[in-house]
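**Q** The following block contains the structure, expressed as structure tokens.
Number of protein chains: 2
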Amino acid sequence: MGTTKTKHFTEKQNAIATIAKALGHPARISIIDYLLKTDACICGDIVNELPLAQPTVSQHLKELKNAGLIKGDINGNAICYCIDEKSIRKLQNYFANISVKLKKKKNKCH
Amino acid sequence: MGTTKTKHFTEKQNAIATIAKALGHPARISIIDYLLKTDACICGDIVNELPLAQPTVSQHLKELKNAGLIKGDINGNAICYCIDEKSIRKLQNYFANISVKLKKKKNKCH
DNA sequence: TTTTTAGATTGCAATATTACGATAAATATT
DNA sequence: AATATTTATCGTAATATTGCAATCTAAAAA
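Rendered as structure tokens:
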């Protein structure tokens, strides 16, 4: 146990869950916020922005990268991280779709 | 450790992270999908739909409820669960806002 | 070439999550 | 009243996540 039964769900369901999970931590939301604020971005800046140690930030960046939310350009010694627009679009579509379906519904709670 | 440093982040960041976290599991995405498909909904149906035991489903429902994603009407013996539109709107706004900001950006990776 | 700087990786402790059997609680049915 | 149905809760095992100190790697600067 403690293991998600991934195989029993659809590709789509797992895909959305993976991206959502990556966003399911305030530090990672904070990183996204910061990447939006600054035009070019280097990880060192992020470490200074966050109230977390460098290895912890590095780990959070890795998770965002694995989920496809950000991508990194190597820039000599440093790395320039950016938001991957595709993943954001995916989420936007998902929630827009839910909204449309909700509006069509008749029997609602409360 | 293993404990998120919630206090160091903003209310907004924590709020989004909480909702995203609740959606960060395929079973819970699956529950949302099912609630969208059916007009009225009873937990018993969900248990039959999911490849998980009843206590596990009940737990997932609880988490969705705590995050404000669903709400439940007691209906005699059973409970009618529905998606809470407010939480979906919150997420939609969040990602729409990101999209807008991304379009304005000049220096991008790759 | 030595030293500095930026970032990743390793290893580990503390805590959280996932899953489920057993059981409880509360309403429905017989 | 006795039984069935629906959902929640408890307890527990297995695994995952969070966070950091220490360390490693690779490029930059001295």
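One line per chain: the protein sequences are G and L, in this order.
Going by my numbering, the final residue of the first sequence carries number 110, and the count climbs one at a time with no gaps.
Going by my numbering, the final residue of the second sequence carries number 1110, and the count climbs one at a time with no gaps.
We put the beta carbon where it would ideally sit given N, CA and C, even for glycine.
Counting contacts by CB-CB distance shorter than 8 Å, is Asn-14/G in contact with chain L?
**A** Yes, contact with chain L.
**Q** Kindly indicate if chain L contains any beta-carbon less than 8 Å away from that of Asp-111/G.
**A** With chain G represented from 1 up to 110, any question about residue 111/G goes unanswered, as that position is not in the structure.
**Q** Is DSSP giving Lys-1105/L helix, strand or coil here?
**A** Correct three-state label for Lys-1105/L: coil.
**Q** At a Cβ threshold of 8 Å, is Leu-1061/L touching chain G?
**A** Answer no: the Cβ-Cβ gap between Leu-1061/L and chain G never drops below 8 Å.
**Q** From what residue to what residue does the alpha helix (DSSP H) around Ile-19/G run?
**A** Ile-19/G -> alpha helix (DSSP H) spans 11 to 22.
**Q** If I measure Cβ to Cβ from Ile-1045/L and keep anything under 6 Å in the same chain, skipping five residues before and after, which residues do I get?
**A** The question names Ile, yet the displayed sequence has Asp at residue 1045/L. Answer for Asp-1045/L: no residue qualifies.
**Q** Check whether chain G comes within 8 Å of Thr-1003/L, counting only Cβ atoms and requiring the distance to be less than that.
**A** No, Thr-1003/L lies away from the interface with chain G (no Cβ there is under 8 Å from its Cβ).
**Q** Which of the residues in the region 1071 to 1084 of chain L, read from start to end, lie with their CB under 8 Å from any CB of chain G?
**A** Listed in sequence order: Lys-1071, Gly-1072, Asp-1073, Cys-1080, Tyr-1081, Cys-1082, Ile-1083.
**Q** Express the C-alpha separation of Cys-109/G and Cys-1109/L in angstroms, rounding to a whole number.
**A** Straight-line Cα distance between these residues: approximately 45 Å.
**Q** Would you say Leu-1035/L and Lys-5/G are within 8 Å of each other, going by their C-beta atoms?
**A** In this structure, Lys-5/G does not lie closer than 8 Å to Leu-1035/L by Cβ.
**Q** From Ile-16/G to Asp-1033/L, what distance separates their C-alpha atoms?
**A** Straight-line Cα distance between these residues: approximately 11 Å.
**Q** My output table needs one value for Asp-84/G: the three-state DSSP class, helix, strand or coil.
**A** Coil, per DSSP.
**Q** Going by DSSP, name the residue or residues bridged to Gly-1072/L.
**A** Answer by DSSP bridge pairing, in chain order: Tyr-1081/L.
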